[in-house]
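Q: Okay, handing you the structure first.
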Amino acid sequence: MKTIPTTLLSVVSILIVVSSCRFKEKQNETLRYSGNPLFEGWYADPEGIVLKDAYWIFPTYSAKYENQVFFDAFSSKDLVTWEKHPRILDTSIIKWAKQALWAPSIIENNDQYYLFFSANDVQKPGGPYWNEKDTINHHGGIGIAVAHAPSGPYKDYLGKPLIAEFHNGAQPIDQFVFKDIDDTYYMFYGGWRHCNLAILNDDFTGFIPWNDGTLFKEITPDGYVEGPFMFRRNTIYYLMWSEGSWGDDTYKVAYAMANKATGPYERIGTILQLDSTIATGAGHNSVINTPNTDHWYIVYHRRPIPNKGRDHRVTCMDQLEFNEDGTIKQVKMTFEGVKKIDPLK
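Sequential numbering from 2 applies to the sequence shown in my numbering.
Set out below in structure tokens:
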């Protein structure tokens, strides 16, 4: 039996140590970024928000309507490590909802958490998707669940939809609630290429009329299809929405700017769309701001490549940056995602 020279053993040992160090460096580098998608599973329409001392994402579970009957939520302290909170709400809690739960939107009010959602893909008689035999989507719309913590447990707040009818041609879906600096709560919502704006009353049981006596004011900007989202930065109000078709590669995000939440909003342009080297069908977004900073992130869903599944959508996050005049720079989709940040305090 031949003895391996000591020199060779030393070289091998050094190579093993070097390889191990490089592996750990690569591993550490990976842990410094969130990666895209942020978590496993098919999820779409993500709403990102800061609640208390954590970042939260409330997405749609992306599946066939008959299987899309619950919501999961995800929380993180650093934007990199995400904890799953399974089935925070489902159709066993919301008795009037039978299928197609989507587009959750959450807001805190008086130490309670109100989770707004769309259900049943409600249609209107005589509409292009009305089916006399499909009674599920004869009733539904925008509902509310309430809890004492973001992770639940939730209960049905109203026992019925908050909005169940079509107003100004808008299907009652894709709601987003925005709290303005004067503590007014606005709801932006609407599918079928119509966007409505309403003022929620103090306890979220209904709406405050506009000056003309109506409850729902249409503010549809050019190109709007669905998925409205509002945020405020440096006194400027940004309305974002999705264009194209959610089921294919034409889906994209556009935006407008205004000096007040009620608009008017004129389309500026698109900022997020397909990148054939990364993903397609990018849309239905939200925005997260790290408190007391000018660090902004766009949370959105996209379709991995290759992809032939209608519901194969994943939740991702990338940086949102601005030009000196306040306009938004084009978003660059990445596989790396965003950098790890210090935990909120």
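Backbone N, C-alpha and C fix where the C-beta goes; we use that ideal spot for every residue, glycine too. Note that this is a predicted model, so its numbers are computed, not measured.
With a CB to CB cut of under 7 Å and the five nearest residues on each side skipped, what residues in its chain are close to I137?
A: Along the sequence shown, read from residue 1 onward, the residue named residue 137 stands at position 136. Apart from the 5 residues on each side of it in sequence, I137 sits with its Cβ closer than 7 Å to the Cβ of K99, Q100, N121 in its chain, given in chain order.
Q: DSSP beta-bridge partners for G270?
A: What you label residue 270 is simply residue 269 of the sequence shown in a count that begins at 1. For G270, which the question treats as bridged, DSSP gives the partners Y256.
Q: Can you give me the start and stop residues for the beta strand (DSSP E) that M334 sits inside?
A: What you label residue 334 is simply residue 333 of the sequence shown in a count that begins at 1. Segment: none, M334 is in no beta strand (DSSP E) and carries neither H nor E.
Q: Grab me the residues of V70's own chain with a C-beta within less than 7 Å of its C-beta, minus the 5 sequence neighbours each way, in chain order.
A: Locating residue 70 in the sequence shown gives position 69, counting from the first residue. These residues qualify, in order along the chain: D91, T92, Q100, L102.
Q: What residues in its chain sit with their C-beta under 7 Å from that of Y62, if we drop five residues either side in the sequence?
A: For the purposes of this step, residue 62 is identified with residue 61 of the sequence shown, where counting begins at 1. Cβ neighbours of Y62 beyond the five flanking positions: Y44, Q69, F71, F72, D73.
Q: Y252 and G224 - do their beta-carbons sit closer together than 7 Å?
A: What you label residue 224 is simply residue 223 of the sequence shown in a count that begins at 1. What you label residue 252 is simply residue 251 of the sequence shown in a count that begins at 1. No, the pair does not count as a contact, with Cβ atoms beyond the cut-off.
Q: Mind checking whether A255 and R234 have CB atoms under 7 Å apart?
A: Position 254 of the sequence shown holds residue 255. Position 233 of the sequence shown holds residue 234. No, they are not a contact pair.
Q: For my contact list, I107 and I50 are in at a C-beta cut-off of 8 Å; report their separation, rounded to the angstrom.
A: Sequence index remark: in the sequence shown, residue 107 carries index 106 (1-based). Sequence index remark: in the sequence shown, residue 50 carries index 49 (1-based). Contact holds; Cβ gap of about 6 Å.
Q: Sorted by chain position, which residues of the same chain lie with C-beta nearer than 6 Å to E227's C-beta, five sequence neighbours on each side aside?
A: Locating residue 227 in the sequence shown gives position 226, counting from the first residue. Hits under 6 Å: D175, G192, S243.
Q: Since A120 sits in a beta bridge, which residues does DSSP pair it with?
A: Working through the sequence shown from its first residue, we reach residue 120 at position 119. In DSSP, A120 forms a bridge with G142.
Q: With burial defined as no fewer than 16 other Cβ atoms inside 10 Å of the residue's Cβ, what is the status of F336: buried or exposed?
A: By 1-based counting over the sequence shown, the position of residue 336 is 335. Exposed.
Q: Buried or exposed for P60, please, with buried defined as at least 16 other CB atoms from any protein chain shown within 10 angstroms of its CB.
A: By 1-based counting over the sequence shown, the position of residue 60 is 59. Buried.
Q: Can the beta-carbon of L159 be found less than 7 Å from the beta-carbon of I143?
A: Start at 1 with the first residue of the sequence shown, and residue 159 comes out as number 158. Start at 1 with the first residue of the sequence shown, and residue 143 comes out as number 142. No, these two residues do not count as a Cβ contact at 7 Å.
Q: Which ranges does the beta strand (DSSP E) cover as unbroken runs of at least 3 residues, wholly within the segment 127-176, from first to last along the chain?
A: 142-148
Q: Kindly indicate which three-state DSSP category L240 falls into: helix, strand or coil?
A: For the purposes of this step, residue 240 is taken as residue 239 along the sequence shown, with counting starting at 1. Note: L240 maps to strand in three-state DSSP.
Q: Does the Cβ-Cβ distance between G327 and I237 come in under 7 Å?
A: Here the question's residue 327 lines up with position 326 in the sequence shown. Here the question's residue 237 lines up with position 236 in the sequence shown. Yes, they are a contact pair.
Q: Identify whether L32 lies in helix, strand or coil by the three-state DSSP scheme.
A: The residue labelled residue 32 in the question sits at position 31 within the sequence shown. The three-state reading of DSSP puts L32 in helix, counting H, G and I together.
Q: Using a Cβ-Cβ cutoff of less than 8 Å, which residues in the same chain neighbour R23 once the five nearest sequence positions on both sides are dropped?
A: Locating residue 23 in the sequence shown gives position 22, where the first residue counts as 1. Bear in mind that the predicted position of R23 carries a pLDDT of just 47, short of 50, making it unreliable; the figure below should be weighed with that in mind. Correct list: empty, nothing qualifies.
Q: Report yes if the C-beta distance between W57 and S35 is below 7 Å; otherwise report no.
A: Within the sequence shown, residue 57 is the residue found at index 56, counting from 1. Within the sequence shown, residue 35 is the residue found at index 34, counting from 1. Not a contact, by the Cβ cut-off of 7 Å.
Q: According to DSSP, is G228 part of a helix, a strand, or is it coil?
A: On the sequence shown, position 227 is the one that residue 228 refers to. DSSP places G228 in strand when its eight states are reduced to three.
Q: Starting from the C-beta of G153, find all residues in its chain whose C-beta is less than 6 Å away, skip the five residues before and the five after it, and write them out in chain order.
A: By one-based count along the sequence shown, residue 153 stands at place 152. Here the set comprises I89.
Q: When the Cα of L240 is compared with those of Y66, M188, H86, which residue comes out closest?
A: Here the question's residue 240 lines up with position 239 in the sequence shown. L240 has its Cα closest to that of M188, out of Y66, M188, H86.
Q: Could you pull out every unbroken beta strand (DSSP E) segment of at least 3 residues lying fully inside the segment 37-64, listed in chain order?
A: 44-52, 55-62
Q: By Cβ distance below 7 Å, which residues in the same chain neighbour V332 in space, the five residues on each side in sequence not counted?
A: On the sequence shown, residue 332 is found 331 positions in, with the first residue counted as 1. Within the same chain, V332 has close Cβ partners I272, L273, I299, D319, L321.
Q: I'd like to check one pair, N290 with Y301: are the Cβ atoms closer than 7 Å?
A: Within the sequence shown, numbered from 1, the residue matching residue 301 stands at position 300. Within the sequence shown, numbered from 1, the residue matching residue 290 stands at position 289. Contact flag unset, no.
Q: Classify C317 as helix, strand or coil using the three-state DSSP reduction.
A: In the sequence shown, the residue the question calls residue 317 occupies position 316. C317: strand per DSSP, three-state reduction.
Q: Please tell me whether K261 has its Cβ less than 7 Å away from any Cβ of chain B.
A: The question asks about chain B, but that chain is absent: this structure has only one protein chain.
Q: According to the neighbour-count rule (16 or more other Cβ atoms, all chains shown, within 10 Å of its Cβ), is W247 buried or exposed?
A: By one-based count along the sequence shown, residue 247 stands at place 246. So W247 counts as buried.
Q: Considering only the alpha carbon of each residue, which of P210, L198, D135 lies closest to Y66?
A: Counted from its first residue, the sequence shown places residue 66 at position 65. If we check each option's Cα against that of Y66, D135 comes out closest.
Q: Below 8 Å on the Cβ atoms is my guess for I342 versus L80; work out the distance and round it to an integer in Å.
A: Reading the sequence shown from its first residue, position 341 is the one you call residue 342. Reading the sequence shown from its first residue, position 79 is the one you call residue 80. At roughly 6 Å, the Cβ-Cβ gap stays under 8 Å, so I342 and L80 are in contact.
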